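Here the structure is laid out as structure tokens; the discussion comes afterwards.
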Amino acid sequence: MTAAIHPSAHVDPAAKIGDGTRVWQNVVVLAGATVGRDCNLNALTLVEGGARIGDRVTLKCGVYVWDGIVLEDDVFVGPNATFTNDPLPRSRQRPQSFAATRVCKGASIGAGAVILPGLTIGAGAMIGAGAVVTRDVPAGETWVGNPARPHRP
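Counted the way the working numbering counts, the sequence shown spans residues 235 to 387.
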């Protein structure tokens, strides 16, 4: 089975898209990007050339995955969640390399969450909607708030 790519999407021929992946309206996947099998890239998402996306990943609308960001298998990213990759951004001053951010297998990121650069979100972790993640999140934990902290029910 090949990938299903909507006619309004732009997938650069030098991007790698896995079998069974669905790329919806107005999605941009740049040269050098890797997107795994059976993924779902919803409308208005962007995957930059240095990004790596595993298998069975869902990006809801309005998610941009920048250079240096790795989403492992089975990750869910809610609508308008924001990744960052430069801790000191300046206009027209591109760093030599971008901070590496890793979202480990099976983690979920809620709508509107902000993930600062250079962090690891552990396997199976849950980030609540609107959370601002400023430090690494251990595997299996749920974090909420601004700044995000472990949720204790």
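Cβ coordinates follow ideal geometry from the N, Cα and C atoms, glycine included. None of the values given here were measured: they were computed from a predicted structure.
Legend entry - Assigned exposure category for Thr279 - 16 Cβ within 10 Å defines buried: Residue 279 sits at position 45 when you count from the first residue of the sequence shown. By the Cβ neighbour-count rule, Thr279 is buried, with 16 or more other Cβ atoms within 10 Å of its own.
Inset, instruction - For Val304, name the three-state secondary structure that DSSP assigns. - result: For the purposes of this step, residue 304 is taken as residue 70 along the sequence shown, with counting starting at 1. Looking at Val304 - three-state DSSP - the assignment turns out to be strand.
Inset, instruction - For the stretch 303-322 and the stretch 344-361, state whether three or more C-beta atom pairs, one from each stretch, are separated by less than 8 Å. - result: With the cut-off at 8 Å, the stretch 303-322 and the stretch 344-361 touch.
Inset, instruction - Could you pull the start and end residues of the beta strand (DSSP E) that Trp377 belongs to? - result: What you label residue 377 is simply residue 143 of the sequence shown in a count that begins at 1. First-last of the beta strand (DSSP E) with Trp377: Thr376 to Val378.
Inset, instruction - Leaving aside the five residues before and after Arg256 along the sequence, list all residues of the same chain whose C-beta is less than 6 Å from its C-beta, in chain order. - result: Counted from its first residue, the sequence shown places residue 256 at position 22. Non-local beta-carbon contacts of Arg256 in its own chain, meaning distances under 6 Å to residues more than five positions away in sequence, involve Ala238 and Asn274 in chain order.
Inset, instruction - Determine, using beta carbons only, whether Pro321 and Gly364 come nearer to each other than 8 Å. - result: Counting from one through the sequence shown, the residue named residue 321 turns up at place 87. Counting from one through the sequence shown, the residue named residue 364 turns up at place 130. Contact flag unset, no.
Inset, instruction - Closer than 8 Å by C-beta to Val367: which residues in its own chain qualify, once you throw out the five before and the five after it? Chain order, please. - result: Counted from its first residue, the sequence shown places residue 367 at position 133. Cβ neighbours of Val367 within its own chain (closer than 8 Å, five residues either side excluded): Ala347, Val348, Ile349, Leu350, Leu353, Ile355, Ile361, Trp377, Pro381 and Ala382.
Inset, instruction - Compare the Cα-Cα distances from Val299 to each of Pro387, Thr268, His240 and Ala243 and report the closest residue. - result: Position 65 of the sequence shown, counting from 1, holds the residue named residue 299. The closest CA to that of Val299, considering only Pro387, Thr268, His240 and Ala243, is found on Thr268.
Legend entry - Rounded C-alpha distance that separates Gly252 from Val262: One-based indexing of the sequence shown puts residue 252 at position 18. One-based indexing of the sequence shown puts residue 262 at position 28. Rounded to whole angstroms, Gly252 to Val262 spans 15 Å at the Cα level.
Inset, instruction - Can you give me the Cβ contacts of Val337 inside the same chain, cut-off strictly under 6 Å, excluding the 5 residues immediately before and after it? - result: Residue 337 sits at position 103 when you count from the first residue of the sequence shown. Answer for Val337: Leu305, Val309 and Ile355, listed in chain order.
Inset, instruction - Return the CA-CA distance between Ala333 and Ala285, expressed in angstroms with no decimal places. - result: Translated into the one-based positions of the sequence shown, residue 333 becomes position 99. Translated into the one-based positions of the sequence shown, residue 285 becomes position 51. Each residue's Cα considered, the two are about 12 Å apart.
Inset, instruction - Compute the distance between the beta-carbons of Val291 and Gly270, then report whether it is under 8 Å. - result: Within the sequence shown, numbered from 1, the residue matching residue 291 stands at position 57. Within the sequence shown, numbered from 1, the residue matching residue 270 stands at position 36. Yes, they are a contact pair.
Inset, instruction - Pull up the distance between the alpha-carbon of His244 and that of Arg386, whole angstroms please. - result: Position 10 of the sequence shown, counted from the start, is the residue given in the question as residue 244. Position 152 of the sequence shown, counted from the start, is the residue given in the question as residue 386. For His244 and Arg386, the distance between alpha carbons rounds to 43 Å.
Inset, instruction - Would you kindly report the start and end of the unbroken beta strand (DSSP E) that includes Thr279? - result: Indexing the sequence shown from 1 puts residue 279 at position 45. It is not in any beta strand (DSSP E) - Thr279 carries neither H nor E in the DSSP assignment.
Inset, instruction - Using 10 angstroms around the beta-carbon of Ala265, count the other beta-carbons present and answer buried if the total reaches 16, otherwise exposed. - result: For the purposes of this step, residue 265 is taken as the residue at position 31 of the sequence shown. That one is exposed.
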